[in-house]
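J.: Take a look at the following structure, please.
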Amino acid sequence: MDDMGYEDLSCYGSETIFTPNIDKLAANGMRFTDFHVAASVCTPSRTALLTGCYPHRLGLPKVLFPEGKNNPGNTGLHPDEQTIAELLKVTGYATSMAGKWHLGDKKMFLPTQHGFDQYFGVPYSNDMTIAPDMVLAENILLRNGVTREMIQQFDAVKMDYKNHQTPLMKNNEVVEFPADQTTLTKRYTEYSVDFINDQAGKSPFFLYLAHTMPHIPIFASKDFLGKSKGGVYGDVIEEVDWSVGEIIKALKKKGVFNNTLIIFTSDNGPWLSYGNHGGTAGKLRGGKFDVFEGGFRVPCIMSFPKAIPKGKVNNDLITSMDIVPTLCQMTGTPLPAKKIDGINVLPSLKGKKMNKTLDTRYFYYFSDEKLSAVRKGHWKYMIPIKYRTVTSAGKDGRNGKTEAFQQSEALYHLGKDISESTNVIKEHPEITNELRQALEAFDQTLKKEARPVGVAIK
Numbered sequence: 000m001d002d003m004g005y006e007d008l009s010c011y012g013s014e015t016i017f018t019p020n021i022d023k024l025a026a027n028g029m030r031f032t033d034f035h036v037a038a039s040v041c042t043p044s045r046t047a048l049l050t051g052c053y054p055h056r057l058g059l060p061k062v063l064f065p066e067g068k069n070n071p072g073n074t075g076l077h078p079d080e081q082t083i084a085e086l087l088k089v090t091g092y093a094t095s096m097a098g099k100w101h102l103g104d105k106k107m108f109l110p111t112q113h114g115f116d117q118y119f120g121v122p123y124s125n126d127m128t129i130a131p132d133m134v135l136a137e138n139i140l141l142r143n144g145v146t147r148e149m150i151q152q153f154d155a156v157k158m159d160y161k162n163h164q165t166p167l168m169k170n171n172e173v174v175e176f177p178a179d180q181t182t183l184t185k186r187y188t189e190y191s192v193d194f195i196n197d198q199a200g201k202s203p204f205f206l207y208l209a210h211t212m213p214h215i216p217i218f219a220s221k222d223f224l225g226k227s228k229g230g231v232y233g234d235v236i237e238e239v240d241w242s243v244g245e246i247i248k249a250l251k252k253k254g255v256f257n258n259t260l261i262i263f264t265s266d267n268g269p270w271l272s273y274g275n276h277g278g279t280a281g282k283l284r285g286g287k288f289d290v291f292e293g294g295f296r297v298p299c300i301m302s303f304p305k306a307i308p309k310g311k312v313n314n315d316l317i318t319s320m321d322i323v324p325t326l327c328q329m330t331g332t333p334l335p336a337k338k339i340d341g342i343n344v345l346p347s348l349k350g351k352k353m354n355k356t357l358d359t360r361y362f363y364y365f366s367d368e369k370l371s372a373v374r375k376g377h378w379k380y381m382i383p384i385k386y387r388t389v390t391s392a393g394k395d396g397r398n399g400k401t402e403a404f405q406q407s408e409a410l411y412h413l414g415k416d417i418s419e420s421t422n423v424i425k426e427h428p429e430i431t432n433e434l435r436q437a438l439e440a441f442d443q444t445l446k447k448e449a450r451p452v453g454v455a456i457k
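Note that numbering that gives the first Met the number 0 numbers the sequence shown so that position 169 is 168, with each residue one more than the last.
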């Protein structure tokens, strides 16, 4: 999911959005309350999910934008980095991706160059338009009066929020422009179901379905528009819930559901300034862009009848970077050749205690390129930071107003204060000093160990 908040599902407390299929997945699997992503924006978060590394280790700390007059748009995930798709292919898995990529739109960075046998989706966020050098399919569907000649004149940096002109790709070519975003959730789902039907029984398979929604601008199909009690945003989430149901239905029909691990999560927290077109993080402070919990702590549900106990709630500190090493352990796949930051948390998924490992691990929070906070156990330490708070929320697709604030050095006990409202730094100097030193040491280590970002040369 893209920009979905911690409280945007009924199994996480939403009273206006009905998600029966996702709720059932949680009831038959495991729901995580302390699952964290590695960044509170798209590109770096997705980098971490697919590689098991902090994005800053790989030179991808910020959101990537397509090429335009003022932006070269020529960076992406380095070809030498191994995604989970590349790793699983070595073990014999068929791999497919549907949805949002956002790790580079030049050919050398696309999913098909990073381990996926096939791809169907939008190469970046759905509020970004087309890069003029993208390869157009011979039979491309051009909509809204757009011509091939017009595409060459687009300035991708001037994102078209009004007309939402984003490209839809199949493998390495643009097959539709601008994409009909009201159909994306349904088409991603159909593409994914076709892959399941084709591969089940033939070979093990890995499907990465990264829904474009509910990133703004939000769109629901006519079958779901006006259906929920949560406005258009609720309609969008409920359509994704339908999508989850279709995936589960396909797995059961092919007889592979009990032998399939399903992971449902979001890339970061909600875009709060968009008001009724953004989600909610509930009691968590902040949202997308923030170092606070609302930006990093997201819903996560895992189901695997053969190994994950039914109906359990997991309160361990688990991160998106842990997925790569955990999947490697589960599938007998060798770990990446280069250093990663995630750890194998399979025992936790099985309901076993990992206190010695998880209670002593450090988890680091970044704000763009700056290492800004560290977590150990229930304790979270933050350096002095600048942040923005919504002062007037937007409405119906319009962005709202935010105001800049400065926060002093802080220490929070998330077990007692999940909303990060009470700074207890003066009461706990020893804990503060330990976490401050850990943050400073990791900052230096990461700078020494940083690997190059991928650069496309014309």
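Even for Gly, the Cβ is constructed at its ideal location relative to N, Cα and C.
Name, in chain order, the residues that DSSP records as bridge partners for Phe176.
T.: Bridge partners of Phe176: Leu141.
J.: Just to confirm, is the Cβ distance from Ile16 to Ile236 under 7 Å?
T.: A contact, by the Cβ cut-off of 7 Å.
J.: Are the beta-carbon atoms belonging to Gly341 and Asp321 less than 7 Å from one another?
T.: Contact flag set, yes.
J.: Closest to Glu172 by CA distance: which of Ile139, Thr165 and Arg186 is it?
T.: Closest option to Glu172, Cα to Cα, is Ile139.
J.: Where does His55 fall in DSSP's three states?
T.: Correct three-state label for His55: helix.
J.: Could you spell out where the beta strand (DSSP E) holding Glu439 opens and where it closes?
T.: Counting along the chain, Glu439 falls outside any beta strand (DSSP E), though it belongs to the alpha helix (DSSP H) covering Pro428 to Glu448.
J.: Which value, in whole angstroms, describes the spacing of the CA atoms of Gly277 and Leu271?
T.: Roughly 6 Å separates the two Cα atoms.
J.: Please list, in chain order, all residues of the same chain as Glu245 whose beta carbon is under 7 Å from its beta carbon, the five residues on each side excluded.
T.: If we look at Glu245 and ignore the five residues flanking it on each side, its Cβ neighbours are Thr188 and Val192.
J.: Could you give the first and the last residue of the continuous alpha helix (DSSP H) run that contains Gly98?
T.: Premise fails: Gly98 lies in the beta strand (DSSP E), Ala93 to Gly98, not in any alpha helix (DSSP H).
J.: DSSP three-state label for Gln152, please.
T.: The answer is coil: DSSP assigns Gln152 none of H, G, I, E or B.
J.: Provide the residue span of the alpha helix (DSSP H) that contains Ser371, from first to last.
T.: That residue, Ser371, is in no alpha helix (DSSP H); its beta strand (DSSP E) goes Lys369 to Lys375.
J.: Going along the chain, which residues of its own chain have a beta-carbon closer than 8 Å to the beta-carbon of His55, five neighbours each way excluded?
T.: Around His55: Pro43, Phe365, Glu368, Leu370, Leu445 and Ala449.
J.: Report the rounded CA-to-CA distance for Gly399 versus His214, giving the unit in angstroms.
T.: Distance between the alpha carbons of Gly399 and His214: 15 Å.
J.: How long is the line joining the alpha carbons of Ala93 and Asp315, rounded to whole angstroms?
T.: So the two alpha carbons sit approximately 31 Å from each other.
J.: At which residue ranges does the region 387–425 contain complete beta strand (DSSP E) runs of 3 or more residues, listed in the order of the chain?
T.: Whole beta strand (DSSP E) segments, 3+ residues: 400–406 and 409–412.
J.: Use the C-beta contact count for Glu80: other C-beta atoms within 10 angstroms, 16 or more gives buried, fewer gives exposed.
T.: It counts as buried.
J.: Taking Leu250 as part of the alpha helix (DSSP H), name the residues at either end of that continuous run.
T.: It spans Gly230 to Lys252 - the alpha helix (DSSP H) in which Leu250 sits, taken as one unbroken run.
J.: Spatial neighbours of Leu49 within its chain, please: CB distance less than 7 Å, with the 5 preceding and 5 following residues excluded, ordered by chain position.
T.: If we look at Leu49 and ignore the five residues flanking it on each side, its Cβ neighbours are Thr82 and Ile83.
J.: If you follow the alpha helix (DSSP H) that Leu48 is part of, which residue opens it and which one closes it?
T.: Unbroken alpha helix (DSSP H) run through Leu48: Cys41 to Thr50.
J.: Name the DSSP beta bridge partners of Met301, please?
T.: Met29 and Ile262, per the DSSP bridge assignment.
J.: Please list the segments of the alpha helix (DSSP H) lying wholly inside the region 281–345, counting only runs of 4 or more residues, in order along the chain.
T.: Qualifying alpha helix (DSSP H) stretches, in chain order: 292–295 and 322–330.
J.: Count the other CB atoms, across all protein chains shown, that sit within 10 Å of the CB of Glu402; report buried if there are 16 or more and exposed otherwise.
T.: The residue is exposed, with fewer than 16 neighbouring Cβ atoms inside 10 Å.
J.: With a 10 Å radius around its C-beta and 16 neighbouring C-beta atoms as the bar for buried, classify Ala350 as buried or exposed.
T.: One point to set straight first is that residue 350 is Gly, not Ala, in the sequence displayed. By the neighbour-count rule (16 or more Cβ atoms within 10 Å), Gly350 is not buried but exposed.
J.: Judging by CA-CA distance, which residue of Gly274, Leu102, Arg435 and Glu439 is the nearest neighbour of Ser391?
T.: Ser391 has its Cα closest to that of Gly274, out of Gly274, Leu102, Arg435 and Glu439.
J.: Should Asp358 go down as buried or exposed, given a rule of 16 or more other Cβ atoms within 10 Å for buried?
T.: It is exposed - the Cβ of Asp358 has fewer than 16 other Cβ atoms within 10 Å.
J.: Can you grab the Cα-Cα spacing for the pair Val312 / Tyr123, in whole Å?
T.: Answer to the nearest angstrom: the Cα atoms are 33 Å apart.
J.: Sorted by chain position, which residues of the same chain lie with C-beta nearer than 6 Å to His101's C-beta, five sequence neighbours on each side aside?
T.: Only Cys41, Thr42, Arg45 and Tyr123 meet the Cβ criterion.
J.: At the level of alpha carbons, what is the spacing between Asp121 and Tyr5?
T.: Residue 121 is actually Val in this sequence, not Asp. Cα to Cα, the separation comes out at about 24 Å.
J.: Under a three-way DSSP split, which group does Phe256 fall into?
T.: Three-state DSSP puts Phe256 in a helix.
J.: Take the Cβ of Leu114 as the centre, count every other Cβ of all protein chains shown within 10 Å, and call the residue buried at 16 or more, exposed below.
T.: According to the sequence as given, residue 114 is Gly; it is not Leu. With 16 or more Cβ atoms within 10 Å of its Cβ, Gly114 is classed as buried.
J.: In chain order, what residues of the same chain have a beta carbon less than 7 Å from the beta carbon of Ser13, not counting five sequence neighbours either side?
T.: Taken in chain order, the residues that qualify are Glu6 and Asp7.
J.: Whose CA, out of Arg147, Ile262, Leu438 and Ala336, lies closest to the CA of Leu86?
T.: Considering only alpha carbons, the answer is Ala336.
J.: Measure the C-alpha to C-alpha separation of Arg435 and Asn257 and round it to an integer number of angstroms.
T.: Roughly 45 Å separates the two Cα atoms.
J.: What's the call for Thr165, buried or exposed, on a 16-neighbour Cβ count within 10 Å?
T.: Counting Cβ neighbours within 10 Å, Thr165 comes out buried, since at least 16 surround it.
J.: Mind checking which residues open and close the alpha helix (DSSP H) that includes Leu87?
T.: Unbroken alpha helix (DSSP H) run through Leu87: Ile83 to Val89.
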